[in-house]
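Engineer: In this note's numbering, each residue carries its 1-based index in the sequence shown increased by 7.
C-beta atoms are modelled at their ideal positions from N, C-alpha and C, and glycine is treated no differently.
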Amino acid sequence: MSNNDIIVSLDIGTSRVRAIIGEVVNGTINIIGVGSAESEGIRKGAIVDIDQTVHSIRSAVDHAERMVGVQISEVHVGISGNHIALQSSHGVVAVSNEDREIGEEDIDRVIQAARVIALPPEREIIGVVPKQYLVDGQEGINDPRGMIGVRLEVEATIITGAKTGIHNLIRVVEKSELKVAGLILMSLASGQLALSKDEKSIGTVLVDVGAGATTIAVFEQGNLMATTTIPIGGEYISNDIAIGLRTQLEIAEKIKLKYGCASIDDSAPDHLFKVTRIGSNVEKEFSQVDLANIIEPRVQEIFHLIRAEVHRLGYGDLTGGYVLTGGTVCMPGMLAVAQAELATSVRIAVPDFIGVRDPSYTSGVGIIQFVSKYMKIRNSGASKKNIVKSTSKKSSDSSKPGFMERVKNFFSEFI
């Protein structure tokens, strides 16, 4: 197995930390290792305890390492949260070659030109994603390399984030004795895996319903147009169950996973279970219908808030409808409630890879697919610039000068 063929993604979520090892063979991705650990130190998608988060990351990575028998030294880390913002930018340069053929250097220069924007001191550029290139005024060009022209322009989306959120994320990964090979915006990674080219073109909302937060991403005309995060997710359902059944939160979470159904109409009255209630040693019996009467109103509220947030972003009912992913949407009856509340076409995206056929793995597998596609482009005509390195030894190079610049440039080189 060549080390260059290995891509490791790290998805640090509110309920679970997931490390996924992908092997790329002739452009085909094989998922060869998966590690998962209970997430400690994360609340509503934000890091609140570094040491606990480090322990969770190490547990997930160690699990994945034991499955495959390789030592992981660097990972591609997913980033999301309410601090992420998108900003349009425009870059213009003159083609430098004497024969006016556009080369890699021209593309790098026009991307750097697009990066020149005014930012508040507390914010930082994570990456630049080109939407289209223009050569001497001709629009709609995806890859201008090899074309002849005098003037090269780019219309790009600048991805920015709060310095605190970015550096704390990098910090916990470094303290886990891992190197950050790149920060990947979760919405882009999930969209790479979950949405078809047509869905991105006609307009589709991708919704990742996690435990502590829900990330909404709007794709239209082939590009990511808007993204936001609302602090509500599966944990709220568990809290409602704990209150409704008068039991401990830990027990409520297990009941939700084992017996939960989001739709009262789809629940079974003869599906019974017993619960030990707080302040009593006596178990009380409930049916799945009783549980669904607690869950359905909260799920309806979540989708109501999602639709309202999409409208607040300035998008109505898009032609492509909604695509759902994330661990919370695994619950039976979730699709039926979503279709009723969102009043449009809705489907659930599931990764089509052995061992990870579950919506909760969409982001992690999406990161691998995103990087794999990026690597293929880079290998076809330009230097790798340390995007993926050997996984055979531990490394702490991430603290050296220029590291953040390399991370920020990760997206700018993706075309």
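1. Between which two residues does the beta strand (DSSP E) holding K51 run?
2. Considering only their Cβ atoms, is the gap separating G85 from L17 smaller than 9 Å?
3. Any idea if S46 is buried or exposed, counting beta-carbon neighbours within 10 angstroms, 16 or more meaning buried?
4. Roughly how far, in whole angstroms, is the beta-carbon of S87 from the beta-carbon of G334, given that I think they are within contact range, below 8 Å?
5. Are the Cβ atoms of T235 and E316 separated by less than 9 Å?
6. Just to confirm the assignment, what range does the beta strand (DSSP E) spanning V225 have?
7. When you compare the stretch 176-194 with the stretch 289-309, are there three or more beta-carbon pairs, one atom per stretch, that lie closer than 8 Å?
8. Can you tell me which residues form a DSSP beta bridge with T234?
9. Express the C-alpha separation of V32 and D12 in angstroms, rounding to a whole number.
10. Is the number of C-beta pairs between the stretch 156-167 and the stretch 86-101 that are closer than 8 Å three or more?
11. What residue range does the beta strand (DSSP E) around Q295 cover?
12. According to DSSP, what are the bridge partners of Q94?
13. Taking I91 as the reference, which of E108, E129, E260 and N246 has the closest Cα?
14. Apart from the five residues on each side of it in sequence, which residues of its chain come closer than 6 Å, Cβ to Cβ, to A389?
15. May I ask you to report which of helix, strand or coil DSSP gives Q139?
16. Using DSSP with H/G/I as helix, E/B as strand and the rest coil, what is T326?
17. Taking only three categories from DSSP, how would you classify S387?
18. Going by beta-carbon coordinates alone, are I271 and E303 separated by less than 9 Å?
19. Closer than 8 Å is the cut-off here; do at least three beta carbon pairs connect the stretch 357-377 with the stretch 320-330?
20. Thinking C-alpha only, which one of Q145, G156 and D69 is nearest E105?
21. Since V214 is in the beta strand (DSSP E), which residue starts that stretch and which ends it?
22. Taking the straight line between their C-alpha atoms, what separation do you get for D150 and D143?
23. Would you kindly check if the distance between the Cβ of Q199 and the Cβ of K423 is under 9 Å?
24. By alpha-carbon positions, which one of N89, I64, V68 and G40 ends up nearest to V75?
25. Using a Cβ-Cβ cutoff of less than 8 Å, which residues in the same chain neighbour L256 once the five nearest sequence positions on both sides are dropped?
26. Looking only at its own chain, which residues have a Cβ that is under 7 Å from the Cβ of G147, when we skip the five neighbours before and after it?
27. Going by C-alpha to C-alpha distance, which of E72, T254 and E131 sits closest to G286?
28. Measuring straight from C-alpha to C-alpha, what distance separates P339 and A275?
29. Verify whether the separation of the beta carbon atoms of I237 and L312 is less than 9 Å.
30. Going by beta carbon distance, what residues of the same chain come within less than 7 Å of I14, once the five residues before and after it are set aside?
31. Using CA atoms only, rank isn't needed, just tell me which of L298, A233, L279 and N288 is closest to A259.
32. Going by DSSP, what residues sit across from Q145 in a beta bridge?
33. Quick test of your reading: V179 and I57, contact by CB under 8 Å. State the CB separation rounded to the nearest angstrom.
34. Please report the straight-line C-alpha distance between G241 and P127, rounded to a whole angstrom.
35. How many Å lie between T351 and G168 at the Cα?
36. Check this for me: beta carbons of V24 and A67, under 9 Å apart or not?
Structural biologist: Reading it off the structure:
1. No beta strand (DSSP E) contains K51, which DSSP labels as neither H nor E.
2. yes
3. buried
4. With a Cβ gap of about 14 Å, S87 and G334 do not count as contacting.
5. yes
6. T221 to E227
7. no
8. A224
9. 7 Å
10. yes
11. Note, Q295: premise wrong, no beta strand (DSSP E); alpha helix (DSSP H) at Q295 to R319.
12. I165
13. E129
14. Model confidence at A389 stands at a pLDDT of 25, short of 50, so the residue's coordinates are unreliable; what they give is reported in the following sentence. Only E111 meet the Cβ criterion.
15. strand
16. coil
17. Model confidence at S387 stands at a pLDDT of 31, short of 50, so the residue's coordinates are unreliable; what they give is reported in the following sentence. Looking at S387 - three-state DSSP - the assignment turns out to be coil, as it is neither helix nor strand.
18. yes
19. no
20. G156
21. T211 to V216
22. 14 Å
23. Summary: the structure shown does not reach residue 423, with the chain confined to residues 8 through 422, and so no result is reported for it.
24. G40
25. S245, N246 and A249
26. Q139
27. T254
28. 11 Å
29. yes
30. G29, V31, H83, I375, V378, S379 and V395
31. L298
32. V142
33. 5 Å
34. 34 Å
35. 32 Å
36. yes
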